[in-house]
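Below is one structure, written out as structure tokens; the observations come after it.
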Amino acid sequence: MKYQLSLAWNDSGRLPCGMIKTNSSSRRRFLKFGSSAAALSAFPQILIAQEDTTTVGDGDYRFECHNNWAQLPEGRHFGGATHGIAIDSKGLVYISHQGQPHSISVFDPSGEFMRTLMPQHAGMGHGIDIRKEADGIEYLYLSPMSPKMAFTKATLEGEMVWERGHQALRMASELELKHFRPTNVSFAPNDEVLLGDGYGSHYIFHCDKDGNLLRTLGGPGSQDGQFRTPHGQWLDDRDGTPKTAVCDRANKRLQWFDMEGKHLKTMDGFLFPADIDIQGDIMLVPDLHARITLLDGSDQVVAQLGDDPSWRARVLDKKEAMRGPHPDKWPTNRFVHPHDAVFDKDGNILLVEWVVHGRVTKLRKVG
């Protein structure tokens, strides 16, 4: 924990009592030192011995927390959750959610609301990512979590480029796909794209730039190369060789695959990893169980932001119902259910959480 200490004298140069500030709600405990003027004049006034409840992390990975950074117009909210987040080259922030009437809300770099997109996915917004492609245009890739809705490529204005639905992927893959509820999208070289069916079949579908299926990865199970909720994935080329890193959420691990779908390695030690972003050598993994993990280029953990076992126990206690609309229960520097997170160009982190009515937090880098 971070603490701050400051000392000050009263106007007379003497102190009738010492004041210790015990928490952020400004409750104070007064300590009497005695009545001797000579003794009292020897003591400064203790103004602050206060836990810093606005930051997470340490050293080079310390961040200042700004909760509720994205502000919707009065009368609107994000529905049952804020699910996905992406940033375009202009710094505009796109948040996928379960609200109405559209599934995406767009904010400027200061968090001010601008517009909405994609009414056809209303109430079912989930995975969202943005990529500038060979034609120089940035595109949205969307994975609504419903079998009735389609894996979608669109422009940043919401104009449809192509869709691939449940039946098209079932026929192309020759899999039964009784359950189909996609969760997230990632990218590969040559404008290829991968769709994770995290809540459905536990397969990942690797498609070409036009959405045609090239191969499948995974399938249900706990062995290397299998998944139990492949909830999010990302292109990992930190060592110069492109690989797909997958959040195998219910198996509590990450797995890596080459571009042909061959399993490369597995890393345990996670709680419920939800998605991935990468900036430089640092991999960002929001974990649904109340923390964010940062890994270096050697996949060593360099920070676990917000990690607090006692707080996590409360979050996971069903009697607490912590993901309900209870922001009064949520400390500034603690997370409830991190669902997706991205770096901005300055190394800050924007986080969305799986809580009723949503929560968007900006973690401003100060370390």
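Okay, so the sequence shown: first residue is 1412 according to the numbering used here, each after it adds one.
For glycine and all other residues, C-beta sits at the position ideal for the given N, C-alpha and C.
Only a predicted model underlies this, so the values are computations on that prediction, with no experimental measurement involved.
What are the boundary residues of the alpha helix (DSSP H) that TRP1722 is part of?
As a working note, residue 1722 is residue 311 in the sequence shown. Its alpha helix (DSSP H) spans residues 1720-1727.
With DSSP as the reference, label LEU1595 as helix, strand or coil.
Here residue 1595 corresponds to residue number 184 of the sequence shown, with the count starting at 1. Just to set this straight, residue 1595 is Asn in the shown sequence, not Leu. Here DSSP, grouped into helix, strand and coil, assigns ASN1595 to strand.
At which residues does the alpha helix (DSSP H) containing GLN1578 begin and terminate?
By one-based count along the sequence shown, residue 1578 stands at place 167. From DSSP, the alpha helix (DSSP H) with GLN1578 extends over 1577-1584.
Please name the residue or residues paired with THR1464 in a DSSP beta bridge.
If you number the sequence shown from 1, residue 1464 lands on position 53. DSSP output for THR1464 lists no bridge partner at all.
For GLU1568, count neighbouring Cβ atoms within 10 angstroms of its own Cβ and tell me buried if that reaches 16, exposed if not.
On the sequence shown, residue 1568 is found 157 positions in, with the first residue counted as 1. The residue in question, GLU1568, is exposed, as its Cβ has fewer than 16 Cβ neighbours within 10 Å.
Nearest neighbour of HIS1508, chosen from LYS1501, VAL1517 and SER1500 [CA to CA]:
Start at 1 with the first residue of the sequence shown, and residue 1508 comes out as number 97. Here the closest residue by C-alpha is VAL1517.
Which of helix, strand or coil DSSP assigns to LYS1654:
As a first step, residue 1654 must be located in the sequence shown, where it is residue number 243. LYS1654 falls in the strand class under three-state DSSP.
Spell out the partners DSSP gives HIS1508 in its beta bridges.
Working through the sequence shown from its first residue, we reach residue 1508 at position 97. BP columns for HIS1508 point to THR1493.
In this structure, what does DSSP give as the bridge partners for ILE1515?
Reading the sequence shown from its first residue, position 104 is the one you call residue 1515. DSSP lists SER1507 and LEU1528 as partners of ILE1515.
What are the uninterrupted segments assigned as beta strand (DSSP E) that are 3 or more residues long and contained completely in the segment 1653-1721, given in chain order?
1654-1659, 1664-1668, 1674-1678, 1688-1690, 1693-1698, 1702-1706 and 1712-1716
Are the segment 1655-1663 and the segment 1576-1590 in contact at 8 Å, needing three or more beta carbon pairs?
Contact between the segment 1655-1663 and the segment 1576-1590 is not established, with fewer than three Cβ pairs separated by less than 8 Å.
Thinking C-alpha only, which one of THR1464, LEU1483 and PRO1558 is nearest HIS1477?
In the sequence shown, counting from the first residue as 1, residue 1477 sits at position 66. Considering only alpha carbons, the answer is THR1464.
Leaving out five residues on either side along the sequence, give the residues of the same chain with a beta carbon under 8 Å from the beta carbon of GLU1570.
The sequence position of residue 1570 within the sequence shown is 159, counting from 1. There are no such residues.
Between GLY1717, GLY1636, ILE1498 and ILE1615, which has its C-alpha nearest HIS1642's C-alpha?
One-based indexing of the sequence shown puts residue 1642 at position 231. Nearest of GLY1717, GLY1636, ILE1498 and ILE1615 to HIS1642, Cα basis: ILE1615.
Euclidean distance between Cα positions of ASP1692 and ASP1707
For the purposes of this step, residue 1692 is identified with residue 281 of the sequence shown, where counting begins at 1. For the purposes of this step, residue 1707 is identified with residue 296 of the sequence shown, where counting begins at 1. Going by the C-alpha atoms only, they are around 6 Å apart.
For PHE1638, which of HIS1613, ASP1619, ILE1496 and PRO1653 has the nearest alpha-carbon?
In the sequence shown, counting from the first residue as 1, residue 1638 sits at position 227. The residue with the shortest Cα to Cα distance from PHE1638 is HIS1613.
Can you tell which of SER1557, ASP1540, TYR1472 and MET1556 has its C-alpha closest to the C-alpha of TYR1550?
Counting from 1 along the sequence shown, the entry for residue 1550 is found at position 139. Cα-wise, what sits closest to TYR1550 is ASP1540.
I want to know whether the segment 1479-1492 touches the segment 1762-1769 - three or more CB-CB distances under 8 Å.
Below 8 Å, enough C-beta pairs join the segment 1479-1492 and the segment 1762-1769 to call them touching: three or more.
Thinking just about the alpha-carbon of each residue, which of ILE1515, VAL1572, LEU1553 and GLU1585 is nearest to the one in PRO1530?
Against the sequence shown, residue 1530 aligns to sequence position 119. It is ILE1515 whose Cα lies nearest to the Cα of PRO1530.
Please state if the CB of TRP1765 and the CB of ALA1492 are separated by a distance shorter than 8 Å.
In the sequence shown, residue 1492 corresponds to position 81, counting from 1. In the sequence shown, residue 1765 corresponds to position 354, counting from 1. A contact, by the Cβ cut-off of 8 Å.
With LYS1564 as the anchor, note down where its beta strand (DSSP E) starts and where it stops.
If you number the sequence shown from 1, residue 1564 lands on position 153. Note, LYS1564: beta strand (DSSP E), 1562-1566.
When DSSP labels each residue in this structure, what does TRP1741 get in the three-state scheme?
In the sequence shown, the residue the question calls residue 1741 occupies position 330. DSSP places TRP1741 in coil when its eight states are reduced to three.
For ASP1602, collect the residues of the same chain with a Cβ closer than 7 Å to its Cβ; drop the 5 residues on either side in sequence, then sort them by chain order.
Here residue 1602 refers to the residue found at position 191 of the sequence shown. Around ASP1602: GLU1544, ALA1545 and LYS1620.
Given GLU1523 as reference, the closest of SER1557, PRO1558, GLU1485 and ARG1702 once Cα atoms are compared:
For the purposes of this step, residue 1523 is identified with residue 112 of the sequence shown, where counting begins at 1. Comparing C-alpha distances from GLU1523 to each of SER1557, PRO1558, GLU1485 and ARG1702 shows the shortest one belongs to GLU1485.
Delimiting residues of the beta strand (DSSP E) encompassing ILE1548
In the sequence shown, residue 1548 corresponds to position 137, counting from 1. Run containing ILE1548: none; DSSP gives neither H nor E here.
Buried or exposed (CB count within 10 angstroms, at least 16 for buried), MET1582
Here residue 1582 corresponds to residue number 171 of the sequence shown, with the count starting at 1. Exposed, because fewer than 16 other Cβ atoms sit within 10 Å of the Cβ of MET1582.
Identified DSSP bridge partners for THR1772:
Counting from 1 along the sequence shown, the entry for residue 1772 is found at position 361. In the DSSP secondary-structure assignment, THR1772 is bridged to LEU1762.
Would you decide whether ILE1760 is buried or exposed? Buried here means 16 or more other CB atoms lie within 10 Å of its CB.
The residue labelled residue 1760 in the question sits at position 349 within the sequence shown. Buried, because 16 or more other Cβ atoms sit within 10 Å of the Cβ of ILE1760.
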